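*Asks:* One structure follows; several queries about it will come next.
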Amino acid sequence: MADDLCVVLALLWISGIVDSLHTSFVVESSNVVGGSVLSQFSVDSLRECSTRCLSEDDCGGFIYLIKSDDKAHCLLIDVNKSGIQTELPVPEAVLYSGMKIHLNEACSLRTFAFERLVHLKTISKELVLHSENVRSLEECLVKCQERSDCRAAQFNRHNSSCDLLRASPSTVYNVKNHFAYSDNRDIYENNCLEGE
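Numbering (mature numbering (1 follows the signal peptide of the UniProt record, and there is no 0)), first residue to last: -20 to -1, 1 to 176.
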């Protein structure tokens, strides 16, 4: 009986945690989100595409592109199912793609929480606010979002190290003085900062 009560309490606690998470997106230009296409339709904006994905439980990501009819289109993707490769566009045709992430705080009225800049790392130690190893990219992004001084997160895909940065490529005067190519790191610019 006591074991059953513990299980029920644990489930209630876990469901409370899940309910308190806020869903947003990491967007990236010229990238194809893999998976099965749930639906595709024309849209007026990136925001409309992301909002439609948020409203569907099976949607784990989206692809926003301009098709040959010169109209913006949105593909909603179930990232947990394999899809038919020919249903997906080539990366060059994609304006933006987005992957769902779960944050502890809402990203107030923003279309997306972070923008991924692939194969980029900081070369300026003075930009690093904090460094630690994390279990996942999502954990790294949550840590950045929780700090008011974190402009970007740097994530190492090979060893899961996370660096919180006080500046991003969009906020420095000369990008080449602060950032360089990397085989295994990406920068995630924080779009959740107020007043940005």
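Glycine is no exception: its CB is placed at the ideal position from the N, C-alpha and C atoms.
In this text the structure is predicted, and so the values were computed from the model without any measurement.
Considering only the alpha carbon of each residue, which of A93, L75, S77 lies closest to L83?
*Replies:* A93
*Asks:* Compute the beta-carbon to beta-carbon distance between S162 and L100, rounded to the nearest angstrom, for a pair I have assumed lies under 8 Å.
*Replies:* Confirmed, about 6 Å.
*Asks:* From the DSSP output, in three-state form, read off V59 for me.
*Replies:* coil
*Asks:* So A132 and S111 are supposed to be a Cβ contact under 8 Å. How far apart are they, rounded?
*Replies:* 13 Å between Cβ atoms; not a contact.
*Asks:* Select from E8, N164, V122 the residue whose C-alpha is nearest the C-alpha of residue 177.
*Replies:* Outside the modelled stretch of the chain, which goes from -20 to 176, sits residue 177, for which no answer is possible.
*Asks:* Could you compute how far the alpha carbon of D38 sits from the alpha carbon of V114?
*Replies:* Rounded to whole angstroms, D38 to V114 spans 27 Å at the Cα level.
*Asks:* Provide the residue span of the beta strand (DSSP E) that contains L100, from first to last.
*Replies:* 100 to 102
*Asks:* Tell me, to the nearest whole angstrom, how far the beta carbon of L145 is from that of L109; I am working on the premise that it is less than 8 Å.
*Replies:* Confirmed, Cβ separation roughly 7 Å.
*Asks:* When the distance is taken between beta carbons, is F42 closer than 8 Å to C33?
*Replies:* yes
*Asks:* Just the Cα atoms here: how many angstroms apart are I27 and T91?
*Replies:* Note that residue 27 is Arg in the sequence shown here, rather than Ile. Taking C-alpha positions only, R27 is separated from T91 by approximately 5 Å.
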